[in-house]
Amino acid sequence: MTHYALSELLIVLAGVGAAQACLSQGHKAAALGILLFSGAAALGVVRFGLDRDGSLIAALADVHRLAGTLGGTAAMTALVYDLLARRASAAHWAGSPLQWRYMVTVSVALAFAMAFPVLIVPLFAIWSLIFITLATRSAALLQLPPAQVFALSALMLLNVLLFRQAAWLPPAVSWHIFHVLTAVWLAGLGYALTRPLPAASRA
Numbered sequence: 015m016t017h018y019a020l021s022e023l024l025i026v027l028a029g030v031g032a033a034q035a036c037l038s039q040g041h042k043a044a045a046l047g048i049l050l051f052s053g054a055a056a057l058g059v060v061r062f063g064l065d066r067d068g069s070l071i072a073a074l075a076d077v078h079r080l081a082g083t084l085g086g087t088a089a090m091t092a093l094v095y096d097l098l099a100r101r102a103s104a105a106h107w108a109g110s111p112l113q114w115r116y117m118v119t120v121s122v123a124l125a126f127a128m129a130f131p132v133l134i135v136p137l138f139a140i141w142s143l144i145f146i147t148l149a150t151r152s153a154a155l156l157q158l159p160p161a162q163v164f165a166l167s168a169l170m171l172l173n174v175l176l177f178r179q180a181a182w183l184p185p186a187v188s189w190h191i192f193h194v195l196t197a198v199w200l201a202g203l204g205y206a207l208t209r210p211l212p213a214a215s216r217a
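Here it is in structure tokens:
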């Protein structure tokens, strides 16, 4: 099982680099979202990399699963927050009714997800679609071609749908492809979300 730790480590490294790039430009919400994905992968590195007899893999299974699913959903809400803030001026976002409504919506959604875990995957899909839509509509702001932004923003959702626990692939192949594409996605976010932007757009 140690081989799983290696591809999980790719996610950690890509995520830390991308988050650092976002933080260097003051994009704290984007950095938080990226680090939530990296944190789940870091649990995987520990779970598979340090296990010797299968006990650690079993002990951390539920925590790792929750970090990957609920943590991933929370991460997408943070990435959407970042794009909403970029699309509004500082005067129209910080402390605004829109900001507070979004925070309340996220809090309620995550509370329901924790109370009813069956909602986690649908909520992840919903926030992923919101992120894809906002990112594509923000292509000019990000100074990238819309098709490139769409492809990058949609990669994670497609990755989850096609490769995470894919029945048509051997388990090891499925997970390694999923991990590698997640790392590529995070590295891509680090590039796309750190384009030169006005200071007022940073969040």
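Residues 15 to 217 (the working numbering) are what the sequence shown spells out, left to right. The beta-carbon is built from N, C-alpha and C at its ideal position, and this holds for glycine as well.
With a minimum length of 4 residues, the unbroken runs of alpha helix (DSSP H) contained wholly in the stretch 16 to 87 fall at 16 to 38, 42 to 63 and 69 to 73.
Look at residue 207 here: in three-state DSSP terms it is coil, with no helix or strand label. Excluding five sequence positions before and after residue 107, the CB atoms of its chain that fall closer than 6 Å to its own CB belong to 99 and 113, given in chain order. Rounded to whole angstroms, the separation of the alpha carbons of residue 71 and residue 208 is 36 Å. Non-local C-beta neighbours of residue 19 in its own chain, meaning closer than 6 Å and more than five positions away in sequence, comprise 59, 62 and 63, ordered along the chain. Between residue 38 and residue 97, the gap from beta carbon to beta carbon reaches 7 Å or more. Classified as buried, residue 41 has 16 or more neighbouring CB atoms from the shown chains inside 10 Å of its CB. CA-CA distance, residue 148 to residue 94, rounds to 8 Å.
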